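Chains as they are written, first to last, in our numbering: chain A, -9 to 141; chain B, -9 to 141; chain C, -9 to 141. C-beta: ideal position from N, C-alpha, C; glycine also. Values in this document were obtained by computation on a predicted structure and should not be read as measured data. Worksheet for the structure shown next.
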Amino acid sequence: MKIKARNFGSWFAVLLAVSQLAIAAESPGQEFKPFAEKHVILQLSDQANHAVVLDTANNLIKNYGGPDMIDIEIVTFGKGVSLLFDESQHQVRIASLVENGVRFYVCQNTLDTMERTHGSRPKINPVAIKVQAGVAHIIDRVDEGYTLIRP
Amino acid sequence: MKIKARNFGSWFAVLLAVSQLAIAAESPGQEFKPFAEKHVILQLSDQANHAVVLDTANNLIKNYGGPDMIDIEIVTFGKGVSLLFDESQHQVRIASLVENGVRFYVCQNTLDTMERTHGSRPKINPVAIKVQAGVAHIIDRVDEGYTLIRP
Amino acid sequence: MKIKARNFGSWFAVLLAVSQLAIAAESPGQEFKPFAEKHVILQLSDQANHAVVLDTANNLIKNYGGPDMIDIEIVTFGKGVSLLFDESQHQVRIASLVENGVRFYVCQNTLDTMERTHGSRPKINPVAIKVQAGVAHIIDRVDEGYTLIRP
Chain A
-9 MKIKARNFGS WFAVLLAVSQ LAIAAESPGQ EFKPFAEKHV ILQLSDQANH AVVLDTANNL
51 IKNYGGPDMI DIEIVTFGKG VSLLFDESQH QVRIASLVEN GVRFYVCQNT LDTMERTHGS
111 RPKINPVAIK VQAGVAHIID RVDEGYTLIR P
Chain B
-9 MKIKARNFGS WFAVLLAVSQ LAIAAESPGQ EFKPFAEKHV ILQLSDQANH AVVLDTANNL
51 IKNYGGPDMI DIEIVTFGKG VSLLFDESQH QVRIASLVEN GVRFYVCQNT LDTMERTHGS
111 RPKINPVAIK VQAGVAHIID RVDEGYTLIR P
Chain C
-9 MKIKARNFGS WFAVLLAVSQ LAIAAESPGQ EFKPFAEKHV ILQLSDQANH AVVLDTANNL
51 IKNYGGPDMI DIEIVTFGKG VSLLFDESQH QVRIASLVEN GVRFYVCQNT LDTMERTHGS
111 RPKINPVAIK VQAGVAHIID RVDEGYTLIR P
């Protein structure tokens, strides 16, 4: 009887370990999109690719069957942050993606550098979520299970 | 005896769970290259990098000991699709890589946009495999265990 | 008694399998930075991004709480190798990052191609670690658990 009890405890430990591995591998971003099977970071760090990144987000939402089925973050740093300037020409498309649950991030390190270089800090679209370092945010998300794409 | 039998069933469940985790982590692309230990996506979405991507594929095949040892997909979208236009200057090198088991993919969303913009659809190299969304194909492959590189 | 012994052996096998999965997932690069929780490859294959990659490495070290907390490799190939030419303007910043444990890699395939094309082989910064194929090095590191970023 004592042996059985000890066995049960050991079993429980192994099952817990196995299930934790499974959970770690399978469920990033559950707080944002509980039904999403895909969790994606689109990296934007390049002046040239602004429209391409927005097109990619739209295509992915269509491809996976709607905004609940895919969890997308667009993380900007370096030359990519100007997508989130308050006067960006892409405001309407950004607003429409935000309504579909896409999250936009802007790198404070980049804005700090811009402020030091140009003497003033660019005004940022209020939908943008501020993170200190865009690259660190990406690394943390990839650790959680997000797939990083730089379109 | 009954306890032993129950134990055996539980053991089997745990071993199955562990081995499934191991399989999920270790064997993408077995249907293409059963002996390959590396499974790689080369992303081409940029006009400038066509030759670089073909060079990279050749170098990888040499580096890992031959075409059976590495499983490579070259996925084109955006400005990268012109590598797979029927009149591409890289036809001979593409054919040689295909003979070595490299698979080339072309994004239909990109071709649809080109057709809307230019009024005609580019003719595509018949070796190209068509996928609706190049980025979605990449995301699915990364989920299967492929490593994504954008050379 | 015999059954218990056999059970112990089986238990040990399962625990070993589970712990190996856990180790494989959690501890790349332990030989370089035993306390680092993040293991990152910064890819440099582009003439334009030299300063950006060095800035990124510095920001990451600051962001994660110092050089012991993050393990960074900067892997250069293609147009990125000139960062590691002996006359590079970035020598001082490179030396300072090396002191903080950042490792710089240079792709021999790229240098071989340059030698064939230009008739001479560029002199390389002695801090650079030589690998035959930069992309293969990246693939192997990602397999070990490193996160690949191309800033």
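Whole-angstrom distance between residue j and residue i, CA atom to CA atom
| i | j | result |
| --- | --- | --- |
| Ile133 of chain B | Ile60 of chain B | In the sequence as presented, Ile is not what sits at residue 133 of chain B; that position holds Asp. The straight-line gap from Cα to Cα measures roughly 18 Å. |
| Val43 of chain A | Ser35 of chain A | 10 Å |
| Pro18 of chain B | Lys28 of chain B | 9 Å |
| Asp53 of chain C | Ala41 of chain C | In the sequence as displayed, the identity of residue 53 of chain C is Asn instead of Asp. Distance between the alpha carbons of Asn53 of chain C and Ala41 of chain C is about 18 Å. |
| Val88 of chain C | Thr46 of chain C | 14 Å |
| Tyr95 of chain B | Leu50 of chain B | 18 Å |
| Arg131 of chain B | Lys23 of chain B | 14 Å |
| Ala26 of chain A | Gly135 of chain A | 13 Å |
| Asn90 of chain B | Arg140 of chain A | 28 Å |
| Asn99 of chain A | Gly109 of chain A | 15 Å |
| Lys69 of chain A | Gln37 of chain A | 5 Å |
| Glu21 of chain B | Thr107 of chain A | 54 Å |
| Ser78 of chain B | Ser78 of chain C | 36 Å |
| Thr103 of chain C | Thr103 of chain B | 37 Å |
Bounding residues of the alpha helix (DSSP H) (the contiguous stretch that carries residue i)
| i | result |
| --- | --- |
| Gln98 of chain A | Gln98 to His108 |
| Val71 of chain B | Segment: none, Val71 of chain B is in no alpha helix (DSSP H) and carries neither H nor E. |
| Val30 of chain C | Premise fails: Val30 of chain C lies in the beta strand (DSSP E), Lys28 to Leu34, not in any alpha helix (DSSP H). |
| Ile139 of chain B | From DSSP, Ile139 of chain B is part of no alpha helix (DSSP H) but of the beta strand (DSSP E) over Thr137 to Ile139. |
| Gly19 of chain B | Neither: Gly19 of chain B is in no alpha helix (DSSP H) and is coded neither H nor E. |
| Glu89 of chain A | Gln81 to Glu89 |
| Val43 of chain C | His40 to Asn53 |
| Gly124 of chain C | Gly124 to Glu134 |
Beta-carbon proximity list for residue i, same chain, < 7 Å, skipping 5 on both sides
| i | result |
| --- | --- |
| Cys97 of chain B | Thr66, Phe67, Val71, Val121, Ala123 and Gly124 |
| Ile128 of chain B | Ile31, Gln33, Val65 and Leu138 |
| Leu73 of chain C | Leu34, His40, Thr66 and His80 |
Closer than 7 Å at the beta carbon, the chain B residues around residue i
| i | result |
| --- | --- |
| Val42 of chain A | Gly68 |
| Arg140 of chain A | Arg140 |
| Thr46 of chain A | Val125 |
Other residues of its chain near residue i: CB distance less than 8 Å, five sequence neighbours each side excluded
| i | result |
| --- | --- |
| Leu101 of chain C | Val71, Arg111, Pro112 and Ile114 |
| Gln81 of chain A | Asn115 |
Among the options, the one whose alpha carbon lies nearest that of residue i
| i | options | result |
| --- | --- | --- |
| Ile119 of chain B | B:Pro57, B:Arg83, B:Met104 and B:Phe75 | B:Phe75 |
| Pro116 of chain C | C:Glu21, C:Ala85, C:Phe22 and C:Gly56 | C:Ala85 |
| Ala126 of chain B | A:Asp130, A:Ala38 and A:Gly55 | A:Gly55 |
Own chain partners of residue i with C-beta closer than 6 Å, once the 5 adjacent residues on each side are dropped
| i | result |
| --- | --- |
| Glu186 of chain C | Given a span of -9 to 141 for chain C in the structure shown, any question on residue 186 of chain C remains unanswerable. |
| Ile62 of chain A | Val30, Ala47 and Val92 |
| Arg83 of chain B | Leu44 |
| Pro57 of chain C | Ile51, Asn90 and Gly91 |
Enclosing beta strand (DSSP E) for residue i [first to last residue]
| i | result |
| --- | --- |
| Phe65 of chain C | The amino acid at residue 65 of chain C is misidentified as Phe; the sequence shows Val. Counting along the chain, the beta strand (DSSP E) containing Val65 of chain C begins and ends at Ile60 to Thr66. |
| Ile119 of chain C | Ile119 to Val121 |
Neighbouring residues, chain A, relative to residue i (Cβ below 9 Å)
| i | result |
| --- | --- |
| Lys23 of chain C | Residues of chain A passing the Cβ test: none, with the nearest at roughly 14 Å. |
| Ser72 of chain B | In chain order: nothing, as chain A lies at least about 15 Å away. |
Contacts that residue i makes with chain B (C-beta to C-beta distance below 8 Å)
| i | result |
| --- | --- |
| Val30 of chain C | Near Val30 of chain C there are no residues of chain B at all, since even the closest Cβ is about 15 Å away, more than 8 Å. |
Residue i: contacting residues in chain C (beta-carbon distance under 9 Å)
| i | result |
| --- | --- |
| Thr137 of chain B | Ile128, Ile129, Val132, Asp133 and Leu138 |
Residue i: contacting residues in chain C (beta-carbon distance under 8 Å)
| i | result |
| --- | --- |
| Leu50 of chain B | Ala123, Val125, Ala126 and Ile129 |
7 Å Cβ cut-off: residues of chain A touching residue i
| i | result |
| --- | --- |
| Asn53 of chain C | Gln122, Ala123 and Ala126 |
Any chain E beta carbon closer than 8 Å to residue i
| i | result |
| --- | --- |
| Asn39 of chain B | Among the protein chains in the structure shown, which are A, B and C, there is no chain E. |
Cβ-heavy atom distance, residue i to the ligand SAH, below 7 Å
| i | result |
| --- | --- |
| Gln33 of chain C | No copy of the ligand SAH appears in this structure; indeed no ligand is present at all. |
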